[in-house]
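Q: Questions regarding the structure given below will be posed in turn.
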Amino acid sequence: MLFNSPQFIYLYLPIVLVGFFWLAATSQRLAAAWLAAASCFFYAWWNPIYLGLLGASIVFNYGMGVRLARESARPAGQRRRALLVFAVGANLLLLGYFKYFNFFAESARVIFDGHWHFDAIVLPLGISFFTFTQIAFLVDAWRGEAREFNFVHYTLFVTYFPHLIAGPVLHHREMMPQFAHASTYRLDWENIAVGLAIFGLGIFKKVVLADGIAPHANAVFQAAEAGQALSLLDAWGGALAYTFQLYFDFSGYSDMAIGLSRMFGVKLPLNFDSPYKAGSISEFWRRWHMTLSRFLRDYLYIALGGNRKGPLRRHANLFVTMVLGGLWHGAGWTFVVWGALHGFYLMVNHAWRWLVGRLGLRGGRAWRVLGWALTFVAVVVAWVFFRANSFDAALAMLGAMTGANGVAVPPDWLNALHWRLNRLAGEMGVGAGLLAGQFADAWVWRDLAILAAIAFFAPNTQQIMSRYRPALDFRGGVDEAGLLRFRIGTPWLVATVLLLATALTRGDAISEFLYFQF
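In my numbering, the protein residues as written are 83 to 600.
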């Protein structure tokens with residue numbers, strides 16, 4: 083079931099919301115159980131078979147978490163560490179089987195020129211997210227940082243439908259107190275209004291902005307996959323189209339998750355904070371998929387040694403962390419390269435910061451703009467591997483982006499030019515094939531300019547909603563959105579209705595969120 087589907091908006095959400103607060107008036111425990119059951123139903127809508135897998139994972143990890151918490155009161159020893167290794171290892175084996183069996187089996191077949199065949203394993207929806215959420219819980223329990231062990235609340239913590247499918251990756255300590263607090267179970271019309279407005283912004287980003295540019299991105303990458311020669315403008319148009327499609331798709335999902343949760347009186351952690359405004363790749367990862375970055379830092383990078391063992395070891399740890407982060411996103415060599423690129427970017431970024439500090443250089447506005455531009459271009463280049471279905475397609479795209487196949491000018495641009503310019507181009511030896519891009523229509527660049535202006539310059543949802551502190555770790559200023567700052571009242575009521583109406587009228591072509599595949 084998708085957040086942008088009619089059955090979710092018109093049936094599931096109203097029924098679950100009304101049932102939750104109706105039961106909460108009688109019993110908080112019943113209300114929590116209702117929300118957990120509704121979340122399980124939400125998950126089972128995709129494929130009921132995998133509900134058993136989710137349930138078994140919850141029971142196993144809850145039991146191991148309780149055991150680890152008890153052991154944490156005792157002196158550290160081999161037994162306690164062995165329990166943690168067993169529990170985390172079981173989760174990783176489960177994730178590895180479903181997510182990476184196909185990848186490694188196919189890689190082995192190619193390497194050894196094998197002729198065997200196997201049935202592809204179907205990836206359960208959201209397995210990466212609920213597995214990482216529970217691994218974090220196990221480590222926190224081992225450290226003695228997990229405090230509450232109510233099974234109903236734990237089940238709700240894992241299955242909570244706003245985050246279950248595509249994040250954010252939650253921490254036990256930031257959610258369990260909210261599920262236990264009485265204020266969560268009191269109907270608050272301010273929370274309903276704020277949540278609905280955030281949801282409206284999110285669904286508009288997804289359905290209108292992301293899905294609107296998606297056909298162009300798909301057409302260009304499919305052409306590259308088919309071996310069609312792309313011009314420079316074709317390739318850059320496709321790469322930028324996907325860059326903004328993914329941006330508004332994930333931003334939209336993150337907003338919708340926060341908005342839905344706010345309606346139930348629960349705040350989620352911030353997961354998306356205008357990453358294309360970042361002035362460095364380090365800042366990019368502090369703004370993009372923030373809870374995954376937090377998980378990789380706290381449970382992988384630091385476990386590998388972090389920056390405690392010198393700069394060379396730190397760079398190696400960064401690189402390994404990002405490669406594994408790439409594999410988390412997808413079981414494919416293109417994802418490995420994407421992660422490796424970001425690992426390399428981070429190594430260069432840290433080396434540059436060290437050099438700047440060593441030389442005592444001072445950065446001004448020009449340096450900040452240059453840093454932003456380099457960061458954005460580096461991210462776009464890496465997204466090519468993230469989106470491409472094969473190395474050949476990715477390399478074809480990157481080759482075209484360097485002008486290897488010529489520079490195409492959209493035909494409708496040429497028609498607007500004087501015929502003498504076309505004649506001059508011919509006299510200069512520029513062939514017609516270089517002047518007529520198949521995909522580089524002017525409307526695409528107009529739309530890309532609009533999307534870029536929103537991503538680069540417009541206030542984000544958290545800044546617009548700053549008056550009501552929309553997320554757990556909200557850190558924005560109160561005046562960053564100016565006239566767009568949200569206030570409960572008629573103007574924003576009308577705006578929310580218009581956002582929802584615009585998005586819902588385009589519901590004839592409902593598409594999944596891109597992060598659902600991870």
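Built from N, CA and C at the ideal position, the CB exists for glycine as well.
If we require 4 or more residues per run, which alpha helix (DSSP H) segments fall completely within the region 386 to 447?
A: Qualifying alpha helix (DSSP H) stretches, in chain order: 393 to 411 and 415 to 441.
Q: Could you name the residues of the same chain whose beta carbon sits closer than 7 Å to that of Gln544, not counting the 5 residues immediately before and after it, in chain order?
A: The residue labelled residue 544 in the question sits at position 462 within the sequence shown. Cβ neighbours of Gln544 beyond the five flanking positions: Leu352, Asp355, Pro552, Ala553, Phe556 and Gly558.
Q: If you follow the alpha helix (DSSP H) that Lys349 is in, where does it begin and where does it stop?
A: Here residue 349 refers to the residue found at position 267 of the sequence shown. Lys349 -> no alpha helix (DSSP H), and no H or E assigned at all.
Q: What residues match up with Phe354 in a beta bridge as DSSP calls it?
A: What you label residue 354 is simply residue 272 of the sequence shown in a count that begins at 1. The partner list for Phe354 (beta bridge, DSSP) reads Trp370.
Q: Are the beta-carbon atoms belonging to Asp474 and Glu365 less than 9 Å from one another?
A: The count along the sequence shown starts at 1 and reaches residue 474 at position 392. The count along the sequence shown starts at 1 and reaches residue 365 at position 283. Not a contact, by the Cβ cut-off of 9 Å.
Q: Could you pull out every residue in the same chain whose Cβ sits closer than 6 Å to the Cβ of Ser189, ignoring the five residues on either side in sequence?
A: To locate residue 189, count along the sequence shown from 1; it is residue 107. Hits under 6 Å: none found.
Q: Counting only beta-carbon separations shorter than 9 Å, does Leu456 have a partner in chain D?
A: The structure shown contains no chain D; it is built from a single protein chain.
Q: Buried or exposed: which applies to Leu93, given that a residue is buried once 16 or more other Cβ atoms fall within 10 Å of its Cβ?
A: To locate residue 93, count along the sequence shown from 1; it is residue 11. Exposed, since its Cβ has fewer than 16 Cβ neighbours within 10 Å.
Q: At which residues does the alpha helix (DSSP H) containing Gly178 begin and terminate?
A: Here residue 178 refers to the residue found at position 96 when the sequence shown is read from its first residue. Gly178 -> alpha helix (DSSP H) spans Gln160 to Ile193.
Q: Using only alpha-carbon positions, find the residue among Ser333, Ala433 and Arg390 that is nearest to Ile363.
A: Here residue 363 refers to the residue found at position 281 of the sequence shown. For Ile363, the nearest C-alpha among the options comes from Ala433.
Q: With a cut-off of 8 Å, do at least 3 Cβ pairs link the region 289 to 308 to the region 134 to 153?
A: Touching, no, given that fewer than three Cβ pairs across the two stretches are closer than 8 Å.
Q: Relative to the C-alpha of Ser472, which candidate in Gly309, Arg444, Ala534 and Leu575 has its C-alpha closest?
A: Reading the sequence shown from its first residue, position 390 is the one you call residue 472. Residue Gly309 is the option with its Cα nearest to Ser472.
Q: Taking Leu166 and Leu220 to be in contact with their CB atoms under 8 Å, please state how far apart those CB atoms are, rounded to whole angstroms.
A: Translated into the one-based positions of the sequence shown, residue 166 becomes position 84. Translated into the one-based positions of the sequence shown, residue 220 becomes position 138. 7 Å between Cβ atoms; contact.
Q: Over what stretch of residues does the alpha helix (DSSP H) that includes Met83 continue unbroken?
A: Residue mapping note: residue 83 aligns to position 1 of the sequence shown, counting from 1. No alpha helix (DSSP H) contains Met83, which DSSP labels as neither H nor E.
Q: Taking a contact to mean a Cβ-Cβ separation below 9 Å, would you say Ser121 touches Thr241 in this structure?
A: Locating residue 121 in the sequence shown gives position 39, counting from the first residue. Locating residue 241 in the sequence shown gives position 159, counting from the first residue. A contact, by the Cβ cut-off of 9 Å.
Q: So Met338 and Phe281 are supposed to be a Cβ contact under 8 Å. How far apart are they, rounded?
A: As a first step, residue 338 must be located in the sequence shown, where it is residue number 256. As a first step, residue 281 must be located in the sequence shown, where it is residue number 199. Yes, Met338 and Phe281 are in contact; Cβ-Cβ is about 5 Å, under 8 Å.
Q: Does the ligand HEM have a heavy atom nearer than 8 Å to the CB of Ile97?
A: This structure lacks the ligand HEM; in fact it carries no ligand of any kind.
Q: With a threshold of 8 Å, are at least 3 pairs of Cβ atoms found where one atom belongs to the region 228 to 235 and the other to the region 198 to 211?
A: Cβ pair count under 8 Å is below three, so no.
Q: Could you have a look at Gly147 and say whether DSSP puts it in helix, strand or coil?
A: Position 65 of the sequence shown, counted from the first residue, corresponds to residue 147. It is helical.
Q: Closest by CA to Arg369, which one among Ala323, Leu586, Pro250 and Arg567?
A: Residue numbering aside, residue 369 sits at position 287 when the sequence shown is read from its first letter. That would be Pro250, whose Cα lies nearest to the Cα of Arg369.
Q: Hey, Ile546 and Leu566 are a contact pair by Cβ (cut 8 Å); roughly how many whole angstroms apart?
A: Locating residue 546 in the sequence shown gives position 464, counting from the first residue. Locating residue 566 in the sequence shown gives position 484, counting from the first residue. Correct: roughly 5 Å between the Cβ atoms.
Q: Among Val466, Arg255, Gly446 and Leu443, which residue has its Cα nearest to the Cα of Leu350?
A: The residue labelled residue 350 in the question sits at position 268 within the sequence shown. Per the Cα distances, Arg255.
Q: What are the boundary residues of the alpha helix (DSSP H) that Phe200 is part of?
A: Taking the sequence shown and counting its residues from 1, the one referred to as residue 200 is at position 118. Unbroken run through Phe200: none, as it is neither H nor E.
Q: In terms of alpha-carbon separation, which member of Phe458, Leu205, Ile193 and Gly171 lies closest to Asn184?
A: The residue labelled residue 184 in the question sits at position 102 within the sequence shown. With distances taken between Cα atoms, Asn184 lies closest to Leu205.
Q: Am I right that Arg549 and Arg569 are in contact with their C-beta atoms under 8 Å? What's the rounded C-beta distance?
A: In the sequence shown, residue 549 corresponds to position 467, counting from 1. In the sequence shown, residue 569 corresponds to position 487, counting from 1. With a Cβ gap of about 6 Å, Arg549 and Arg569 count as contacting.
Q: By the 10 Å Cβ neighbour count, where 16 or more other Cβ atoms means buried, how is His263 classified, buried or exposed?
A: Stepping through the sequence shown from its first residue, residue 263 is reached at position 181. Burial call: exposed.
Q: Under 9 Å, do Arg162 and Leu150 count as touching if we go by C-beta distance?
A: Taking the sequence shown and counting its residues from 1, the one referred to as residue 162 is at position 80. Taking the sequence shown and counting its residues from 1, the one referred to as residue 150 is at position 68. Yes, the Cβ-Cβ distance between Arg162 and Leu150 is below 9 Å.
Q: If I'm right that Phe286 touches Thr584 with Cβ under 8 Å, what's the distance once you round it to whole angstroms?
A: Translated into positions along the sequence shown, residue 286 becomes position 204. Translated into positions along the sequence shown, residue 584 becomes position 502. Their Cβ separation, rounded to whole angstroms, is 6 Å, which keeps Phe286 and Thr584 in contact under 8 Å.
Q: Since I believe Phe243 is in contact with Phe124 (beta carbons under 8 Å), could you give me their beta-carbon distance rounded to a whole number of angstroms?
A: Here residue 124 refers to the residue found at position 42 when the sequence shown is read from its first residue. Here residue 243 refers to the residue found at position 161 when the sequence shown is read from its first residue. 4 Å between Cβ atoms; contact.
Q: For a test of the three-state rule: what should DSSP assign to Leu580, helix, strand or coil?
A: Reading the sequence shown from its first residue, position 498 is the one you call residue 580. Leu580: helix per DSSP, three-state reduction.
Q: Exposed or buried, which one is Gly611 when buried takes at least 16 other CB atoms within 10 Å?
A: Any question about residue 611 goes unanswered here, given that the chain covers just 83 to 600.
Q: Taking just the CA atoms, how far does Val98 sit from Gln89?
A: As a position in the sequence shown, residue 89 is number 7, starting the count at 1. As a position in the sequence shown, residue 98 is number 16, starting the count at 1. When rounded, the distance between both Cα atoms is 12 Å.
Q: Short check: CB of Ala464 to CB of His424, under 9 Å?
A: In the sequence shown, counting from the first residue as 1, residue 464 sits at position 382. In the sequence shown, counting from the first residue as 1, residue 424 sits at position 342. Cβ distance < 9 Å, so Ala464 and His424 count as in contact.
Q: What does the alpha-carbon distance come out to for the pair Asp331 and Lys181?
A: Position 249 of the sequence shown holds residue 331. Position 99 of the sequence shown holds residue 181. Approximately 23 Å, taken between the alpha carbons.
Q: Within the continuous alpha helix (DSSP H) that includes Glu256, where are the two ends?
A: Locating residue 256 in the sequence shown gives position 174, where the first residue counts as 1. Taken as a continuous stretch (DSSP letters only), the alpha helix (DSSP H) holding Glu256 covers His254 to Ala262.
Q: Alpha carbon to alpha carbon, how far is Phe346 from Tyr267? Give it in angstroms, no decimals.
A: Position 185 of the sequence shown holds residue 267. Position 264 of the sequence shown holds residue 346. If I take the Cα positions, the gap works out to 8 Å.
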